[in-house]
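Here the structure comes first, spelled out in structure tokens, and everything after it is commentary.
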Amino acid sequence: MKRATLQLDPRRQVAPVRPRLFGSFVEHLGRCVYTGIYEPGHPTADGDGFRTDVLALVRELGATTVRYPGGNFVSSYRWEDGIGPVEQRPARLDLAWHSLETNAVGVDEFMRWAGKAGIEPIMAVNLGTRGVEAALDLLEYTNHRGGSHYAELRRANGVDKPYGIRMWCLGNEMDGPWQVGRRSASEYGRLAGQTASAMRRFDPGLELVACGSSHSGMPTFGDWERDVLMEAYDQVDYISLHAYYHQAGDDLASFLASAEDMDRYIDSVVAIADAVGAVKRSRKKIMISFDEWNVWYQRAAASVPPSGEDWPVAPRLLEDRYNLADAVVVGGLLISLLRHSDRVTAACQAQLVNVIAPIMTEPGGPAWRQTIFHPFAQTARHAKGVVLDARPAGSTVDTARFGEVGAVDAVATWDEQARGGTVFLVNRDTSEEAEVTVEVTGETVEVVECATVSGPDPYVDNTLDAPDRVRPLPNDRVTRSDTGLTVTLPPVSWTILRWAAA
Amino acid sequence: MKRATLQLDPRRQVAPVRPRLFGSFVEHLGRCVYTGIYEPGHPTADGDGFRTDVLALVRELGATTVRYPGGNFVSSYRWEDGIGPVEQRPARLDLAWHSLETNAVGVDEFMRWAGKAGIEPIMAVNLGTRGVEAALDLLEYTNHRGGSHYAELRRANGVDKPYGIRMWCLGNEMDGPWQVGRRSASEYGRLAGQTASAMRRFDPGLELVACGSSHSGMPTFGDWERDVLMEAYDQVDYISLHAYYHQAGDDLASFLASAEDMDRYIDSVVAIADAVGAVKRSRKKIMISFDEWNVWYQRAAASVPPSGEDWPVAPRLLEDRYNLADAVVVGGLLISLLRHSDRVTAACQAQLVNVIAPIMTEPGGPAWRQTIFHPFAQTARHAKGVVLDARPAGSTVDTARFGEVGAVDAVATWDEQARGGTVFLVNRDTSEEAEVTVEVTGETVEVVECATVSGPDPYVDNTLDAPDRVRPLPNDRVTRSDTGLTVTLPPVSWTILRWAAA
Amino acid sequence: MKRATLQLDPRRQVAPVRPRLFGSFVEHLGRCVYTGIYEPGHPTADGDGFRTDVLALVRELGATTVRYPGGNFVSSYRWEDGIGPVEQRPARLDLAWHSLETNAVGVDEFMRWAGKAGIEPIMAVNLGTRGVEAALDLLEYTNHRGGSHYAELRRANGVDKPYGIRMWCLGNEMDGPWQVGRRSASEYGRLAGQTASAMRRFDPGLELVACGSSHSGMPTFGDWERDVLMEAYDQVDYISLHAYYHQAGDDLASFLASAEDMDRYIDSVVAIADAVGAVKRSRKKIMISFDEWNVWYQRAAASVPPSGEDWPVAPRLLEDRYNLADAVVVGGLLISLLRHSDRVTAACQAQLVNVIAPIMTEPGGPAWRQTIFHPFAQTARHAKGVVLDARPAGSTVDTARFGEVGAVDAVATWDEQARGGTVFLVNRDTSEEAEVTVEVTGETVEVVECATVSGPDPYVDNTLDAPDRVRPLPNDRVTRSDTGLTVTLPPVSWTILRWAAA
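Protein chains in written order, with the UniProt record's numbering: chain Z, 1 to 502; chain X, 1 to 502; chain E, 1 to 502.
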């Protein structure tokens, strides 16, 4: 039996819970768009061709924002291919995913869907094959009222009111050798600064994201962030982080502790950004947009794009099947993101449907929830108010990759108005239960709800035919003491514990 | 009473008076074009929509060249928006001035106007959002006889003969953070060199201007010029200088001595350019195009562009109202430019109509002359022949910004053919008269004309209703002696003294 | 009498003979395309307007590949100008050669011609005024089966099957001040890497050529190659070399030894490329594409492009007339290329027709062979199998430019299957004959054929009226000994000696 203690003090706060922390990502990749969110002719499709079964799951998931249209896809995308009469739109080779893009869905369709889903769009501009001019044109198309060429074009396309998109990504993973139009850090930094500066002449209030490294293992990691920010610090608001995790071999223990890596990655980029700010004598702080994160078995066959003469439309690609351990890791990563709410003010799980996604669909068939759906949905729904400054202390587990780490990881939020709090917990021990004592300074505590995602086999997954094998079930092993609550967590489990101040 | 002496020797010459020194500037900004030079429906409008009252004033002003179409405007301009049937031209957001550009006036309209005004165009290409290809296309459109795509397009648009534009600006103020497409000095230098080199393949005789610093106070001033010229020395003929002056607080004395700053700025850039030439072992000298200069109250409300959702067509913007002191300063700046005629071989007062301009208009109403109109018009008309190598010596005034400077500043020209000379003088003392003795070596001198712009209140201005409060009046306080002429200048005054050799 | 010995051992091999060593070059320059390969209305023109007399000579020449469409021409070329209905194609100014390009021939016409000529195309993309996007569009147009915009456009233009072009040049001579869009080495290297990397996402198997120096005398030679390869080593397969030779003054001896320069040039670039590979710890070797080489009297009047208002269609330009000495030099350069077959795996004689070309035409009139046609044709036909590792030893001649060099230069190939070999020889002595002994280890040798290009006057040329003055004639001065063959070469001569193993 592992043991840990979490001491909460509602006055010791990290930052407000940012709604944008629960963002997602829709890329023109595989079946995320086509037969994912969009499938005219599907029994549940609405008049616009959007699957309402998927829309219902997106709302249940609680995604707040969606980044669009890429990802690697954006780096050779011509946004104007996707507007106007569908039958006149050109089909294009998508070099990022070796697929054929019909352009049946473009910015107007996406925005209509976003409205139905109740999500805020985060739009990416192409800084691979294009630059300032095309970014300004798109911005005018989406955000200008009327009277000018592209604004009138949008109106002619049936959208009278501008979309008012606030948050924009300046390209995608521009440090990656795989990226169309990859640049050096300084060149990209200048292009990002140029683009940002020009976009702000249209609207100074836009929130702009510069590309950080594609992941923390890139050979240029760190230098890239510094060089980009040296060029563009004053022009941008965010720098992006991307990270994907998977179990290497049979090393379940390290995999369960993936949040340790995320913690360090965030802390590192914050330090690099603040160091640039110091050199620049700037009072401004660059925020983190962790706009791609998830579990992803990148080396699996499902992740290998088509090749040769095969340029399919919306192939099955990156359709990872998630198990219980993956769900526990996703829950742990959400704990890491929440813990850094002072600097991580936007994050996007990659991706929303079918492509390394919480929601799966069959063409013409049902939509269902993967295991990772549940911790995301619960966290998005119940992380309210402020994040508290508290980390669990107690037993450790040994990991090959991170050494000794806490067996239990957790983060807590506190909603002053509702006078209630929520604790999100993972037990990262692969075999032992963990008993966690939650103490709340100055409050008498009552349990509202406790639910746990666990099971005897960490590798059990949800499938089309058995879509509910892994899901949260009530956890009745909670007891109340003088100083707080004690909850017992099964091995390899994720738990939400909601309490109210008496 | 201040005193000064000016010793002239017609054999000691600086350089010929260059007609291009009296250039002006028409940018798509505020009401310079629309309701400025162009206002169809105005009572004086000709068949092309050009105000003939403005045309008459432009001719009276004596502007020799006009830079067009920007300025900051050019950095996101697509020149082809402004050609062809007007009703098919797209309206564009102008991000430089937060205005809506209808494109009713484009290069063909401007060239037609320039023909009527008798001015030489100086055309600027967009090196902000664009590069070599668009510059070449415009050059082909304006300067190629026929047979090729864009030349035939011009002919189809009704202009059979090519315009033969000689002088071209390679972008505008590319060092400015406000500039769409701002670049580093080396990157801009390479782009300018590339563009220049390609344009010369069409016509080696073009005269090409690289952008220098936006003003001498830029943090990169000096380094910028050096780095740009290190990249583009062989490809360009000119480097640009821009400077605007205004009275800071109640410091009239420093303001009246603004030409001191212009002198130093020119000398500095000449030194920097020649130093690059030395490193390059080049015999070529880079000339100065002082293609934006004037008095401008940049911090005044009139200079604040619209913002937010307000994207007006041709708003009232930068419509500075000039007083007597401003006119004396403009006269002094012209003295500085003339004095540097060996290196400053082109200059453009910014701008021509309504926008920090000598000529003002009311939509549907009259056009009138600001105070600064007069020294410009007189200097442009009477500076003929060669500039003489002479500076006044005598009493000084104390200024907060420049220390001790001559109370009187002056420059003299000599027209060998007409056997006559002209002296341009300013008295920069704020309260005392100045007596100036002009001695001419080897010539017996007769007064032809003496006129002075002055008045009891340096802050009196011209207005729509009282457009002639400040203007040149005959000055009868000139006496002739054995060695020359003596003229008395009121405080805060500008004077032209024309003489003939007996 | 000069003497030399060449010791051959069929087991000591350099590399296979690469068919691409016998490439040629068709640029939109002068009359290479129009009235060269293409002349509708010519008595021999086929239904597509191609001259069948020229096609026959191209086949006789044995050119294996043709680089297209430039050369300098490509650096402002818009490939889409050359597709679709001919009457809708725009006429463009070609700034490279101050000519008017009608675009009557474009990529589809060229590919049709290449099919008829049996040659493999080497396509160049415009990295002067354009970048990644246009390169990808052209690649899609030429190489993609169908379904996407540009592939369907090709099909709509009547070409159902993709061309499958394998080898692509990433721009042309981007270090040259004369080049539209010239860049610095690092900037070009990054652009080339970007473009290559994006093109490989379409097809990883493409063979891509980065531009080396325009010639070995460029001030940036060596540094250019290193800097470009430091940026693009992993993305490209080839680096290009260009070299043109001519007789300077009356120095025939140095001219005849031009292959010495080519040898050194190749060796230098190989060393530079391998040094970059060493720094990068790469096992990959960069190959040499010697994609412009020939004799060219660059300073002759025939090489001066039109100027001023003169923008002719297909003018007579670079129509060098070749003499015997030129043919001997061309033969010598082919020996140098063959000798380096381990690294020079592609080469293009510049150019194919009319423009410094082996084949000449008269508009409406005949086509004929210049002197340089013959060594190229013979070498292309008879260099089969493998290149042997052998260099002649013996008498020397003194040259002003290269010092003491072998009087005889030679290279040998061996065709294991046919059990026969060929020796290519030049006698570079200007007055003496040379007696060459060819010894073949382990084989008994029989003469199959010996032919020589020579004559009493090294400056005699072929002309329209006397097109056969210089051509190979049987050489009967070959004797057989115990150890091999002995052949006598006239001064200033090129010889092919074919033998068979008994």
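No residue lacks a Cβ here, since even glycine has one placed at the ideal position from N, Cα and C.
All values reported here derive from a predicted model rather than from experimental measurement.
- Secondary structure remark: continuous beta strand (DSSP E) runs of at least 3 residues inside the stretch 12 to 37 of chain X, in chain order: 13 to 16.
- Around the C-beta of residue 280 of chain E, fewer than 16 other C-beta atoms lie within 10 Å, and the residue is accordingly described as exposed.
- Taking a Cβ-Cβ cut-off of 9 angstroms, residue 281 of chain X has no neighbours in chain Z, whose nearest Cβ is about 30 angstroms from it.
- Nearest in C-alpha terms to residue 250 of chain E, of all of E/355, E/275 and E/325, is E/325.
- For the C-beta of residue 140 of chain X, the chain E residues within less than 9 angstroms are, from N- to C-terminus, 92 and 93.
- As for any beta strand (DSSP E) of minimum length 3 sitting wholly inside the stretch 216 to 302 of chain X, the runs are 238 to 245 and 287 to 295, ordered along the chain.
- When Cβ pairs closer than 8 angstroms are counted between the two stretches, the stretch 18 to 26 of chain E is seen to touch the stretch 64 to 72 of chain E, the count reaching three or more.
- For the options X/353, X/444, X/440 and X/379, the alpha carbon positioned closest to that of residue 31 of chain X is the one of X/353.
- Looking at the DSSP output, residue 427 of chain Z shares a beta bridge with Z/408 and Z/493.
- With contacts defined as CB atoms closer than 8 angstroms, residue 247 of chain X and residue 196 of chain X fail to qualify as a contacting pair.
- Here the alpha carbon of residue 89 of chain E sits roughly 28 angstroms from the alpha carbon of residue 91 of chain X.
- Take residue 192 of chain E, set aside five residues on each side of it, and the residues of its chain with a beta-carbon closer than 6 angstroms to its own are 170, 210 and 232, in chain order.
- Taking the Cα of residue 157 of chain Z as reference, the smallest distance to any Cα among Z/141, Z/166 and Z/168 is reached at Z/141.
- If you ignore the 5 residues before and after residue 84 of chain X, its C-beta comes within less than 7 angstroms of the C-beta of 157, all in its own chain and listed in chain order.
- Secondary structure of residue 379 of chain E (DSSP, three-state): helix.
- The residue from X/136, X/59, X/103 and X/495 with its alpha-carbon nearest to that of residue 75 of chain E is X/136.
- Looking at the backbone, the Cα of residue 293 of chain X and that of residue 256 of chain X are separated by about 15 angstroms.
- The C-beta of residue 194 of chain X comes closer than 8 angstroms to at least one C-beta of chain E.
- Shown here, residue 194 of chain Z sits in a helix according to DSSP, grouped into three states.
- Taking a cut-off of 8 angstroms on C-beta distances, the stretch 389 to 396 of chain E does not touch the stretch 448 to 466 of chain E, as fewer than three cross pairs fall below it.
- Taking a C-beta cut-off of 8 angstroms against chain X, the contacting residues of the stretch 125 to 140 of chain E are 128, 129 and 130, listed in chain order.
- In this structure, residue 374 of chain Z keeps its C-beta atom at 8 angstroms or more from the C-beta atom of residue 426 of chain Z.
- For residue 299 of chain X, no chain Z residue has a C-beta closer than 9 angstroms to its own C-beta; the minimum C-beta separation is roughly 19 angstroms.
- Assignment of residue 58 of chain E by DSSP, reduced to helix, strand and coil, places it in the helix class.
- Secondary structure note for residue 356 of chain X: it is in no alpha helix (DSSP H), with a DSSP letter that is neither H nor E.
- Within the same chain, and ignoring the five residues on either side of residue 287 of chain X in sequence, the residues whose Cβ sits closer than 7 angstroms to its Cβ are 237, 238, 343 and 345.
- In this structure, residue 502 of chain E sits near residue 444 of chain E, with a CB-CB distance shorter than 8 angstroms.
- The DSSP-derived three-state label of residue 140 of chain Z is helix.
- If you draw a straight line from the Cα of residue 72 of chain E to the Cα of residue 213 of chain E, it comes to about 13 angstroms.
- With the rule of 3 Cβ pairs closer than 8 angstroms, the stretch 254 to 271 of chain Z does not count as touching the stretch 198 to 210 of chain Z.
- Taking 9 angstroms as the upper bound on Cβ-Cβ separation, chain X lies near residues 177, 178, 179, 180, 181, 182, 183 and 184 of the stretch 171 to 185 of chain E.
- Listed by position along chain E, the residues whose Cβ is nearer than 9 angstroms to that of residue 311 of chain Z are 144, 145, 147 and 148.
- The Cβ atoms of residue 492 of chain E and residue 475 of chain E do not sit closer than 8 angstroms to each other.
- Approximately 6 angstroms separates the beta-carbon atoms of residue 385 of chain X and residue 416 of chain X; this is inside 8 angstroms, confirming the contact.
- For residue 326 of chain X, the enclosing alpha helix (DSSP H) has its first and last residue at 324 to 339.
- Close partners of residue 100 of chain E in chain X (Cβ separation under 8 angstroms): 147 and 148.
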